[in-house]
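**Student:** When we follow UniProt numbering, the leftmost residue of the sequence shown carries the number 1, and every step to the right adds one.
All C-beta atoms, glycine included, are put in the ideal place defined by N, C-alpha and C.
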Amino acid sequence: MSAFAPPTADVEKGVVDNGDGEARPPALDRNVTASSVHSSPSISHVQEPRRQNDPEQGEEISRIPTHKSQRPIPATLFKSITARSNATVTDPGPPPDKGLKAWTQVAMGHLVVVNTWGVISSFGAFQTYYTQDLGMEPSAVSWIGSMQMLFHFGLGMFSGRLLDVGYYHWSVVPGILLASLGMFMTSICTSYYQFFLAQGILVGVGCGLQFAPSLSLVTTYFSSHRSIALSIMAAGSATGGLIYPTIIRQLLPILGFAWTVRTMAFLMLGVGSVYAFLLTPRLPPRKSAPLFELSAFREPPYALYVIGISVFMLGVFFAFYYVSSFARDVLHAPYSTSINLLLIMNGMGLLGRLIPGFLADRLYGPLNTILPCCLATTVTLYCWTAVSSTPSLYAFASMYGFFSAGVQGLFPATLTTLTKDLSKVGTRTGMGLAFVGVATLVGPPIAGALVQRSGGSYVGAIVWGASMMAVGTGIMGCARVAVTGWKVKQRV
Numbered sequence: 001m002s003a004f005a006p007p008t009a010d011v012e013k014g015v016v017d018n019g020d021g022e023a024r025p026p027a028l029d030r031n032v033t034a035s036s037v038h039s040s041p042s043i044s045h046v047q048e049p050r051r052q053n054d055p056e057q058g059e060e061i062s063r064i065p066t067h068k069s070q071r072p073i074p075a076t077l078f079k080s081i082t083a084r085s086n087a088t089v090t091d092p093g094p095p096p097d098k099g100l101k102a103w104t105q106v107a108m109g110h111l112v113v114v115n116t117w118g119v120i121s122s123f124g125a126f127q128t129y130y131t132q133d134l135g136m137e138p139s140a141v142s143w144i145g146s147m148q149m150l151f152h153f154g155l156g157m158f159s160g161r162l163l164d165v166g167y168y169h170w171s172v173v174p175g176i177l178l179a180s181l182g183m184f185m186t187s188i189c190t191s192y193y194q195f196f197l198a199q200g201i202l203v204g205v206g207c208g209l210q211f212a213p214s215l216s217l218v219t220t221y222f223s224s225h226r227s228i229a230l231s232i233m234a235a236g237s238a239t240g241g242l243i244y245p246t247i248i249r250q251l252l253p254i255l256g257f258a259w260t261v262r263t264m265a266f267l268m269l270g271v272g273s274v275y276a277f278l279l280t281p282r283l284p285p286r287k288s289a290p291l292f293e294l295s296a297f298r299e300p301p302y303a304l305y306v307i308g309i310s311v312f313m314l315g316v317f318f319a320f321y322y323v324s325s326f327a328r329d330v331l332h333a334p335y336s337t338s339i340n341l342l343l344i345m346n347g348m349g350l351l352g353r354l355i356p357g358f359l360a361d362r363l364y365g366p367l368n369t370i371l372p373c374c375l376a377t378t379v380t381l382y383c384w385t386a387v388s389s390t391p392s393l394y395a396f397a398s399m400y401g402f403f404s405a406g407v408q409g410l411f412p413a414t415l416t417t418l419t420k421d422l423s424k425v426g427t428r429t430g431m432g433l434a435f436v437g438v439a440t441l442v443g444p445p446i447a448g449a450l451v452q453r454s455g456g457s458y459v460g461a462i463v464w465g466a467s468m469m470a471v472g473t474g475i476m477g478c479a480r481v482a483v484t485g486w487k488v489k490q491r492v
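1) Under the three-state reduction of DSSP, which class applies to S392: helix, strand or coil?
2) What whole-angstrom Cβ distance do E299 and M431 have, given they're in contact under 8 Å?
3) Where does R282 fall in DSSP's three states?
4) Between I247 and I339, is the Cβ-Cβ spacing less than 8 Å?
5) When you compare only the Cα positions, how much space is there between V113 and V488?
6) Please give the ranges of any alpha helix (DSSP H) in the region 162-247, keeping only runs that are unbroken, at least 4 residues long and fully inside the region.
7) Do the region 261-275 and the region 164-178 make contact, defined as three or more Cβ pairs closer than 8 Å?
8) Can you give the Cα-Cα distance for residue 494 and R161, rounded to whole angstroms?
9) Label S336 either buried or exposed according to how many other C-beta atoms from any shown protein chain fall within 10 Å of its C-beta, with 16 as the threshold for buried.
10) Is F277 buried or exposed, if buried means 16 or more other CB atoms sit within 10 Å of its CB?
11) Is DSSP giving Y458 helix, strand or coil here?
12) Would you say G406 and R353 are within 8 Å of each other, going by their C-beta atoms?
13) Could you tell me which whole beta strand (DSSP E) segments of length 3 or greater appear in the region 396-473?
14) Assuming D133 is part of the alpha helix (DSSP H), what are its boundary residues?
15) Cβ of S191 within 8 Å of Cβ of P445?
16) DSSP three-state call for S122: helix, strand or coil?
17) Our contact map puts D164 next to T429 with C-beta atoms below 8 Å; I'd like the distance itself, whole angstroms only.
18) Quick one: what's got a C-beta closer than 6 Å to Y130's C-beta in the same chain, skipping five residues either side?
19) Between which two residues does the alpha helix (DSSP H) holding F312 run?
20) At which residues does the alpha helix (DSSP H) containing Y335 begin and terminate?
21) What three-state label does DSSP hand D329 in the structure shown?
22) For the alpha helix (DSSP H) that residue 506 lies in, which residues bound it at each end?
23) Just the C-alpha distance for F317 and P96, rounded to the nearest angstrom, thanks.
24) Rounding to the nearest angstrom, what Cα-Cα distance links S214 and L230 in this structure?
25) Assuming A447 contacts G465 under a Cβ cut-off of 8 Å, what Cβ separation, rounded to an integer in Å, is found between them?
26) Would you report the Cα separation of V483 and L255, rounded to the nearest angstrom?
27) So G156 and A434 are in contact, right, with Cβ under 8 Å, and what is the actual spacing, rounded?
28) Who are the near neighbours of Q132 in its chain, counting only those whose CB is closer than 7 Å to its CB and skipping five residues on each side?
29) Following the continuous alpha helix (DSSP H) through A376, name the residue where it begins and the one where it ends.
30) When you compare the CB positions of T378 and T473, do they come within less than 8 Å of one another, or not?
31) Please state whether DSSP places V112 in a helix, a strand or coil.
32) Measure the alpha-carbon distance for S310 versus G409 and round it to whole angstroms.
33) Note down, in chain order, each residue of its chain lying with its Cβ closer than 6 Å to the Cβ of P380, except the 5 sequence neighbours on either side.
34) Confirm, please, whether the CB-CB distance from L371 to M476 is below 8 Å.
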């Protein structure tokens, strides 16, 4: 059966014919294979079996497909995602935590982030081009990047659930196609609303369909090494943040805007075809459940952490969007310098994701590690107000890129560690990402509006962003207290 094929109708109905004219639930039939259970997105409930010799139901039975049939995806997908059930599925055992297959999933997850978060992290290059060369307002341009972030994180509540119910590839493959199509359409845009629809909506939706389910998939392969695995995956943001701005810097003067963006689109399509083939869900589909699990917010550690990281994210992406514009507007640096700053921030982000991830994995735990990273990022952003020369801006970009990458790399890992039941990791991770998505939607445009209101001064926007990050750090500190009390040395 194809990796993209939905489960058989017999398993979906929870009934197996054992050959003697009787039907019984698959959990009671010794002839049911593990693969037949694994392929089912949800075993909703055991229905009363229908006798084949019942003349009144013969027509209905004739429409039941055999084990080789596929039920139509559009008619059942939403029902599978949102339905409730009390049935159970086969437990595949604990996460392997090692081995070729597990680390292959990490490598492919890294490529997913290159194609999603890495593309979005490169928006600073577009921000500068749109404002300086196309004459658009900074705050208006920020909405394009913010829409990408909203869908990238916000769709996690839906797409993360698709992994749980067995439709991982039905989320990721359309996501690859939509994100690539959005970039192709961006190459022919000429007005603001066209850029907003193509780059903001299409690319954002495509990224959102890929990111959350892939993050949750990699999580299911690891327990003790989860922090470093997810940090390696998240480092794809730095990899993509180096590759795509470099393409823009090198090709824009030679090929022009249209073919530079098309080159990016072809690369996204090629990379996406690799991980779409190699990423493999480990857990069998769990029972269906609501998209939003309200009971998670009755757990103080989870609730405080989600609120805290969302408030923190209001300010964290302001520097990524505006450091290039700051270089050109305030320091009057050339376009090449503004792109170099973005490359330095993303390049330092590679180390900033791996080193804290290693420390969290081996020594302190993700929540203990992310809090110092949040504090250092906040202090560094406040220091931006003192930057008055190109060398000092390079120093700021290096430090901010390193510390903020630690936060970006660890916040998904911390979110998953607050979910003890791995069968719920897709739903709960998606919920957390949805809140972060709302924060990233409104944060950069607010900062851009503050820059405009201040007549081009960045001080007010910087102070606002850093203050939001300080508040968010404090709330996340409360989440740690909710987990451990006031025990300073406890790993969490």
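**Tutor:** By the coordinates alone:
1) helix
2) Between M431 and E299 the Cβ distance is about 12 Å, and since that is not below 8 Å, they are no contact.
3) coil
4) no
5) 33 Å
6) 168-186, 192-195, 203-219 and 226-234
7) yes
8) For the chain, the structure presents residues 1 to 492; residue 494 sits outside this window and is missing.
9) exposed
10) exposed
11) coil
12) yes
13) none
14) Premise fails: D133 is in no alpha helix (DSSP H) and is neither H nor E.
15) no
16) coil
17) Not confirmed; about 10 Å, so no contact.
18) M136 and V141
19) P300 to V316
20) Y335 to L359
21) helix
22) For residue 506 there is no data in the structure shown, the boundaries of the chain being 1 and 492.
23) 35 Å
24) 11 Å
25) 6 Å
26) 54 Å
27) 6 Å
28) R328
29) P366 to C383
30) yes
31) helix
32) 15 Å
33) Reading off the sequence shown, one finds Thr at residue 380, where the question assumed Pro. M399, Y400 and F403.
34) yes
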